[in-house]
Structure formats: C-alpha cells, structure tokens
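Take a look at the structure below.
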Amino acid sequence: MTIANQNFIELQPKEHQGQNPVPDRDTNPRARRVLRDISCHAKPWEVLAIVGPSGAGKSSLLEVLAGKITPQTGSIQVNQKPVDKSRFKKISGYVTQKDTLFPLLTVEETLAFTAKLRLSIPQPELSSRVKSLIQELGLSHVANTRVGDDKVRGISGGERRRVSIGVAVVHDPEVVILDEPTSGLDSNCAFQIVDMVKSIAETRGKTVILSIHQPGFRIIKLFNSVLLLANGTVLHQGSVDELNLSLRLIGLERPLHVNIVEFAIDSIESIQQQKNHIVLEENVTTTTNKITQGSIFYNLDMDLIGAEERVGLFAFILTFLLSTTVEALPIFLQEREILMKETSCGTYRVSSYAIANGLVYLPFLLILAILFATPLYWLVGLNPSFFSFSRFLLLIWLILYTANSVVVCFSALVPNFIVGNSVISGVMGSFFLFSGYFVSKQGMPKYWIFMHYISLFKYPFEGLLMNEFSSGEVTGEDVLREQGGYDDKEGLFHMLFLGLDAPKRDLKMPFFNS
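In this note's numbering, the protein residues as written are 734 to 1247.
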C-alpha cells in the first residue's frame, strides 16, 4: 500500500518490483493464498475504506499493513520507501475488530494507562492530552464510568469502540488502521464512529484506513476512496462515483434504493455463489453419472461380446459429453453482452477474451475429466495399462474442451438460449450420425462424405477404440469361435474375407477406415 506527503502508504505486489511471485504453497502445501497481487495506496487527510464480502481478505490486508503479518511476496512503502516495521508501529495505530479493554477501569483510566506506556512526557502534559482526547472522542460524559464488558456493566458498545480507537491514537499516530470499527453497532452509532474517524483525518491530517462490511448511505459519503476486494484481489480503487461508473461499464445497473457499495458486494456474492453452485453441481453430477455408467458396464469380459459392449460404451460417452455441454450456453450468452459492450469501448480485443476464456476453462475441465474417467475406467475394466488410462483421460479432457469451444462458438451466433439449444442439438446429432458408428464411411453418399471428416465424434471415437483394442486382447480366432466357424473351411474363408490371414492376428475394427 502507499501513505503521501508525511504519511503516504503504498502496497505493491512482487511483480511490480521486477520479480516473480513466490506461491505460499512452496513453504506449506496446505496453505492457501489469501491475498493476491494487491496494489493500492492511501493518502493523508483522507479515509480509505476497504470493502468486500466476507472472506474477501479485508482483515488480512489490514494485518499486513499494520505489521501483524509479514507477506511472503510484495512490499509496503511509506513515502516511496520500504517500510521499517518497528518504526511503522510507532507512527501507526491499529484498532482490532474486537474491543480488548480492561472492563474494571474507567474510560479515563484506560486512556491514561495506555498513554503512560506509549508516551514519555511529563505527567501534566500527559493528563492534558488524555482529557483533550476524551473530549475529541465524545466521551466526556462517561469519562469516570467503567468500560465494562459482557459480564461487567459499563458503557455502551459504541462508546466502548470509541475507547478502543482512543487507545490506538493516544500517541498521535500518522496512520490509523481500523478493522471493521462499526461491527455490532446500530446505524446511528456506526455513522458517529466513522464521522469521528473522518474528523480525525481532516483535522489532524492523518491517513485513515478502515475495513467495513455493509456501510449505509450516510457512511459512504464520508469515504474519500473505496478499495473493493473479492477473493483476495483488488477489483476497484477510487471514489464511490468511479465505482458506480465501473459497475455500469460491465453491465450492472444499481437499483435506486441500494447504495453502490452494498450493490457491488451483493453482486460479488451472487456471482461467487452461482459459480460455487455450478462447480459443485457439475462435480457431483459428473461423478454420479460416471459411477452409474461404470456400474452398468461393470467389469466387461475380454471377448467379442465385451468388445461390442465397449464400442457401445464409447459411443454413449461421446454422446453424453458432447450433449451435456449445452448447459453452459446461458453463461456464455450472458458474457456475450458484457463482451460486446467492453470490446466496443476498446477495453480489450475479442481475441484476448477468446484466449483468456480458453485458458481459464482448461483446469476446470481437467477436474471434470478426472472425476469422469477415473471411476468409469476401472469399474468397467478397460485396458488395465496405466499408459492407456492416461490416454483415455487425455481424450476425455480434449472432448470436454472441444465441446466447450463449440458452445462458445454458437453462443456468438444465436440470439437466445432456445435457438442455441436447438441449433447445437441438431449439429451434434448430425456429427454423431456421420461419425462412422451408425453408417460406415463406405456406405455414405459421396456428397455427404465431408460430414464424416468434420464430425466431432469421428476422431475421439476412433481414438477411444484404438486406445482400448491396440493391445490385441480380442483376436480373429475369438471372432470365428464366437461365430462358430473356426474349425471348418468356411471359417478359413471368413478369415481371409475379413483380412485375418492368421488365426492369431488382432481383430480389425471397421471404424478405423478413415
């Protein structure tokens, strides 16, 4: 972060220093990254409000700024110089979310005790400063009242929060950091607390940084700058008006009765819940379907009947994977509106979106492929080679990625979901018809042969067959015995006709005729 003039604070990620970020998982495999590439600044005479949904990283960011947590990457600068942690603690005050005060001390005793510990000044001057601070905090009427807590009766919650702020600023710090100072207070008390903090910033030239969860209309007007966090990353830093403009540019219109910060937080939470629900639903559905299919085709035999059942299984897998991706069509249709608006403004190119979209879906589709392939492959008893399983997993991953790309393509062409669903279903049906499973290549009319080569089913279907039957577990001898003609001349004729000139040669699958 940056604090200008006498106290300009800047927080920069490590990339801004010309270095590569070091993931925190390197030191602890179970650790998760709470803050990601945070870059922000705070100025004197102003209040910077850090907002965002629960779990966005607000408290973690404040703890980093206050020196409570040492970041593994990045830097904190004060007046464009690396911060000295010990010195920064002397020029800053940190107010935690919970009031940690001695309940049996009075308000004046609490502030005086803290002042004696942090200030090396004569007693008369110290007493004068404490009384002046009590008056500034609006606590003169309860100066001789016990602070209290949940068990000891004392001052109100709002007044107790003022005492906590007084304890943090009694040494007159240049930077004041507050972690949700309005938590647990009613709207009126919350406004009074933020208004008091705003007064400290404007009258003393302090740099005030605070986090807040759901600020009201009146409180928002007191903020000079807003830092919007989500999942540990910065989505916006600037004025409230700039936040409103940013949301409008991405297609989010704020209702009249909702303040802009609350609307932004609600929008983030809604998107996160929708994403989590979709991911969970996809994972559960994929795993359930694969276990079901695996149990239906459980432990197939390595004979001709088993080979035929495997062919049917592969055809079903392709049909299932390439048809269920239509569920993602509404998401892409919604993104299309935002894409058209942002590309028309020159925010980025369509090619940039296409590349980014393709890369983002790769790991997600890999997870689905693993959940899909692992139970199915071993329950069915396909080729037991680990190399064959790896190729099967790769094929499933590529099939999912291909289907996802097809949906993205058609989402740019169709006007709505109903038309898109019909078009994609028709195209997928045509591809399956010309894949070679129902009609062989030799049986297709010449004017339709091009459909065989552009079919999305042809190549993955042949890949699955080659991966499964390349080991030669089913031989020509097995075929003839199944047909009952191995021991006579007619059987030998069948062998020659099928191209199996030796009884032990591998079974030739007609689907490989490309």
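Ideal placement from N, C-alpha and C gives every residue a C-beta, glycine not left out.
- If you compare the alpha carbons of Leu1126, Val896, Leu943 and Ile898 with that of Asp912, the shortest gap goes to Leu943.
- If you ignore the 5 residues before and after Lys931, its C-beta comes within less than 6 Å of the C-beta of Val780 and Leu955, all in its own chain and listed in chain order.
- With fewer than 16 neighbouring CB atoms inside 10 Å of its own CB, Arg886 falls in the exposed class.
- Cβ atoms of Phe1125 and Ala1106 come within 8 Å of each other, at about 6 Å.
- A check of alpha carbon separations from Val941 across Asn977, Phe1202, His774 and His874 identifies His774 as the nearest.
- A distance below 6 Å between beta-carbons, with the five flanking residues on each side excluded, links Ala845 to the following residues of its chain, in chain order: Val863.
- One thing to note: Val1139 has its Cβ within 8 Å of the Cβ of Leu1189.
- In the three-state reduction of the DSSP assignment, Ala1087 falls in the helix class, which pools H, G and I.
- Of the candidates Asp905, Ile1157 and Asn964, Asp905 places its Cα closest to the Cα of Thr936.
- Per the C-alpha coordinates, the member of Leu834, Leu870 and Ile998 positioned closest to Val880 is Leu834.
- CA-CA distance, Ile1050 to Arg1069, rounds to 30 Å.
- According to the DSSP assignment, Asp928 belongs to the alpha helix (DSSP H) that extends over Ser920 to Arg937.
- When the beta-carbon positions are compared, Leu1197 and Leu1101 stay at least 8 Å from each other.
- When the beta-carbon positions are compared, Val967 and Ile1182 stay at least 8 Å from each other.
- For Tyr827, the uninterrupted beta strand (DSSP E) run begins and ends at Ser825 to Val828, by DSSP.
- Around Leu866, the same chain offers Leu844, Gly899 and Val903 as residues with beta carbons nearer than 7 Å, after the five sequence neighbours per side are excluded.
- The beta carbon of Leu852 sits closer than 8 Å to those of Leu859, Arg862, Val903 and His904, all from its chain and outside the five residues before and after it, given in chain order.
- Secondary structure of Gly971 (DSSP, three-state): strand.
- Secondary structure at Asp999: helix, using DSSP grouped into helix, strand and coil.
- Under the criterion of beta carbons closer than 8 Å, Ser958 and Gln970 qualify as touching, at roughly 6 Å.
- Excluding residues up to 5 positions away in sequence, Gly891, Arg894, Arg895, Ile898, Pro914, Thr915 and Leu918 lie with their Cβ nearer than 8 Å to the Cβ of Ile926 in the same chain.
- Counting C-beta pairs with one atom in each stretch, the segment 991-1000 and the segment 780-792 have three or more that are closer than 8 Å, which means they touch.
- Shown here, Val959 sits in a strand according to DSSP, grouped into three states.
- Nearest Cα to Ile952 within the set Phe1053, Gln856, Val784 and Thr1135: Val784.
- Cα atoms of Leu962 and Tyr1186: separation of roughly 49 Å, rounded to the nearest angstrom.
- Of the residues assessed, Met1161 falls on the buried side of the cut-off, its CB having 16 or more other CB atoms within 10 angstroms.
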